[in-house]
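Everything on this sheet refers to the single structure shown next.
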Amino acid sequence: MSSSLTHARNSLSSPLTERRLPKWMPAANAALALLLAVAIGAGFGLSSKLQWGLIAAILFVGIQYLASTAVEGRRHAKNTLATSLVWVAFLLALLPLVSVLWMTVSKGIGVINVNFLTHSMNAVGPNDKGGGLYHALVGTLEQVGLASLFAAPVGILTAVYLVEYGRNGKLSKAVSFFVDVMTGVPSIVAGLFVLSFWIIILNMPYTGFAGSIALAILMLPVVVRSTEEMLKLVPNELREASLALGVPKWLTILRVVLPTALGGITTGVMLAIARIIGETAPILMLVFGADAINMDPFNNPQSSLPLYVWTEYSRGTDQSQARAWGGALVLIVVVMVLNLVARGIARWKAPKSATR
Amino acid sequence: MAKRIDVSGLNAYYGNFRAVEDISMVVEPRSVTAFIGPSGCGKSTFLRTLNRMHEVIPGARVEGKVLLDDENLYGTNVDPVAVRRTVGMVFQRPNPFPTMSIKENVAAGLKLNGVRNKKLIDESVERSLRGANLWNEVKDRLDKPGAGLSGGQQQRLCIARAIAVEPQVLLMDEPCSALDPISTLAIEDLIGQLKEQYTIVIVTHNMQQAARVSDRTAFFNLSAVGQPGRLIEIDATEKIFSNPSVQATEDYISGRFG
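Protein sequence lines, in the order shown, are assigned to chains F and E.
Quick note, the first sequence lines up with residues 1366 to 1721 if you use this note's numbering.
Quick note, the second sequence lines up with residues 47 to 304 if you use this note's numbering.
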């Protein structure tokens, strides 16, 4: 402590200014660390580029710390060390994300064309070129759409009950407990439940709708939990202001509480959709899979994107594996588009702040 | 339009805790009545019993009678929603609805109660904003969000919102405690104008404010922490601030306690 103060005082005339590293220093150190890592890696004959990267990361943190200690003193050096570690952690966290995206895009982009997006796999063999995922895209959108149509309103209304009416009573505690239990239900169990109840006991056929029931079961707890948190964030003062105007409670919830929380609720529903859109197990058990286009989710088997990826990949030929990567890419794009739409809605409906 | 409030034998509870004990008082129409007293003495709780906002808090309940002219607010078959339309309220912190524009905020009470006539709503918005001395400042930006106004303007927006539903009584719970002196002055002027039409009850910690704006003042106190708050005395404001009948009132006003 005292050493850094005397350091600052000794080095410059004014006690309020001190020596700092220039702004470009981290970038320069990063370049230096990278260069050294390449030299070390090549020199010692390390084959894995991952090792090169890790050496560079460690070198970067070390060089930053030493440079900062030498010029700025110990207090600043600690700050520099923490900042560098955060940067390294950030890059490490990005690594899997970027590599998954890169892998999917590079392997999947080759098969994507209008034909792929508008045709089914009907009468296309494993070794044939061509074929498409239109049937799977339609199936996914219909099954997820039906699941959301059921789970979103029920989930939001459950959350409204828990926050606005439950008042920590026995029923709300029980509901809350079972929502927690449902959160932990594996997708295969939800699938088995629907299989035994809907298909075996009630003797219903394999349809997209059967799959969407299982998806709705998986989606419901996520929607309830996220909506509940969002409703709790709405200040009580707004409810009181509305009630004090002589507005009934149900209308207060509908016109004041829900609109205020709408951005967060939309995000929560979208996250829940993103969670279920990649589910394969229940689809495999309940929707059965199909190669031809079936627009009707209530009759006859359908396909879906995750199921398509799985079946195409397991066929094992070059052509069908390329189609599997294409399916994965389309799935990622669909989730991304849904997320962007949700963000758009959230921004459009968000409470207007003073700055806008 | 303004109505008289006659409270007798009122007790307010939070669960098993009695926060306010045995209050009886009369609030005269077309006048300003101020409630003063130390923190935690039940002023705000009592104020909230006057438009049945107290029971909004889980576990809270009220015993006793509150007559608005001749109707008991706590009688059987009384709809609390109808009571709140008759007795409006302004809160301590300005709380405009964040999803609504200035105009929508003022019109909220009417719109949410089913008024659809656009002309009627527009007239009411202008009348209420003029009534709250805010019209000239916001008339060019009625469609901008209410949260973009300054604190004082937001509080006047909340007052405009409260008077837009044309209540008989206006309750104000420390409406100036979050505001600077200039905004406070604007609101005090407004209270002076509003009392020509409304019965106004204001809770305040600022004794100069009570002396400036009110016709009658009620002093509340509690004997010890954890004990319920009681009404010590209510009288004409000049009398309370110059020659109160109870020693505790004089001690509180002059800054001596206990």
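Glycine included, every Cβ here is placed at the ideal spot set by N, Cα and C.
| Asked | Found |
| --- | --- |
| Residues of chain E with a CB under 7 Å from the CB of Ala1609/F: which are they? | Asn97, Met99, Arg130, Gly134 and Met135 |
| Against chain E, does Glu1602/F count as a neighbour if the rule is that its beta carbon must be under 7 Å from one of theirs? | yes |
| Ignore the nearest five residues each way along the sequence and tell me which others in Thr1592/F's own chain have a CB closer than 7 Å to its CB. | Gly1520, Ile1521, Ala1524, Ile1630 and Gly1633 |
| Leaving out five residues on either side along the sequence, give the residues of the same chain with a beta carbon under 7 Å from the beta carbon of Glu183/E. | Gln199 |
| Should the region 1606-1614 of chain F be called in touch with the region 1540-1547 of chain F, which here means at least 3 C-beta pairs below 8 Å? | no |
| Enumerated in chain order, which unbroken segments of the beta strand (DSSP E) with a length of 3 residues or greater are wholly contained in the region 124-208 of chain E? | 133-136 |
| Run the CB neighbour count on Tyr298/E, radius 10 Å, all protein chains shown included, and call it buried at 16 or more, exposed below. | buried |
| Cβ of Leu158/E less than 7 Å from any chain F Cβ? | yes |
| On the premise that Ala1639/F lies in contact with Ala1581/F, defined as a C-beta separation below 8 Å, what is that separation, rounded to the nearest angstrom? | In fact, because the Cβ distance is near 15 Å, the residues do not count as touching under 8 Å. |
| Taking 7 Å as the threshold (beta carbon to beta carbon), is Glu1437/F in contact with chain E? | no |
| Got a sec: is the Cβ-Cβ distance from Asn151/E to anything in chain F below 7 Å? | no |
| For Ile1565/F, report the span of its beta strand (DSSP E) as first-last. | It is not in any beta strand (DSSP E) - Ile1565/F carries neither H nor E in the DSSP assignment. |
| At 8 Å on the CB atoms, spell out the chain E contacts of Leu1616/F, in chain order. | Leu158 |
| Would Thr91/E pass as an interface residue toward chain F - the criterion being a Cβ-Cβ separation below 7 Å? | no |
| Is there a Cβ of chain F sitting closer than 7 Å to that of Asn62/E, yes or no? | no |
| Could you tell me whether the Cβ atoms of Glu234/E and Val259/E are closer together than 7 Å? | yes |
| Please determine if the region 105-124 of chain E and the region 49-67 of chain E are in contact, where contact requires at least 3 C-beta pairs separated by less than 8 Å. | yes |
| Name the residues in the region 187-218 of chain E whose C-beta lies less than 9 Å from a C-beta of chain F; which are they? | Lys190, Pro191, Gly192, Ala193, Gly194, Leu195, Cys204, Arg207, Ala208, Ala210, Val211, Pro213 and Leu217 |
| Can a CB atom of chain E be found closer than 7 Å to the CB of Val1612/F? | yes |
| Can you pull out the residues from the region 1621-1653 of chain F whose beta carbon lies closer than 9 Å to at least one beta carbon of chain E? | Val1621, Pro1624, Thr1625 and Leu1627 |
| Going by Cα to Cα distance, which pick from Asp1545/F, Ile1428/F and Thr1572/F is closest to Phe1653/F? | Thr1572/F |
| Ala264/E lies in the beta strand (DSSP E); which residues open and close that run? | Arg262 to Leu268 |
| Should Tyr1530/F be labelled buried (16 or more other beta-carbon atoms within 10 Å of its own) or exposed? | exposed |
| Does Asn141/E come within less than 7 Å of chain F when only Cβ atoms are used? | yes |
| Nearest-angstrom Cα distance between Val1550/F and Ser269/E? | 56 Å |
| In terms of alpha-carbon separation, which member of Gly61/E, Gly55/E and Met71/E lies closest to Asp281/E? | Met71/E |
| Could you tell me whether the Cβ of Arg1712/F comes closer than 7 Å to any Cβ of chain E? | no |
| Quickly, what does DSSP pair Met1468/F with across the bridge? List them, please. | According to DSSP, which records beta bridges pairwise, Met1468/F is partnered with nothing at all. |
| Less than 7 Å between the C-beta atoms of Ala1501/F and Tyr1673/F, yes or no? | yes |
| Could you confirm whether any beta carbon from chain F is found closer than 7 Å to the beta carbon of Gly304/E? | Summary for Gly304/E: the model assigns pLDDT 47, below 50, so the residue's position carries little reliability, and this model does not support an answer. |
| From which residue to which residue does the beta strand (DSSP E) around Val1587/F run? | Premise fails: Val1587/F lies in the alpha helix (DSSP H), Gly1573 to Leu1598, not in any beta strand (DSSP E). |
| Please specify which runs of the beta strand (DSSP E), each continuous and at least 3 residues long, are wholly inside the region 222-290 of chain E, giving them in chain order. | 245-249, 262-268 and 275-282 |
| Which residues in the same chain as Val271/E place their Cβ atom closer than 8 Å to its Cβ, once the five residues preceding and following it in sequence are excluded? | Gly86 |
| Count the CB pairs spanning the region 185-200 of chain E and the region 1636-1651 of chain F that are closer than 8 Å, and state whether there are at least three. | no |
| If you count every other CB in all the chains shown that lies within 10 Å of the CB of Asn97/E, and 16 or more means buried, which is it? | buried |
| So the candidates are Ile1564/F, Thr1625/F, Val1702/F and Leu1623/F; which of them puts its Cα closest to the Cα of Asn1664/F? | Ile1564/F |
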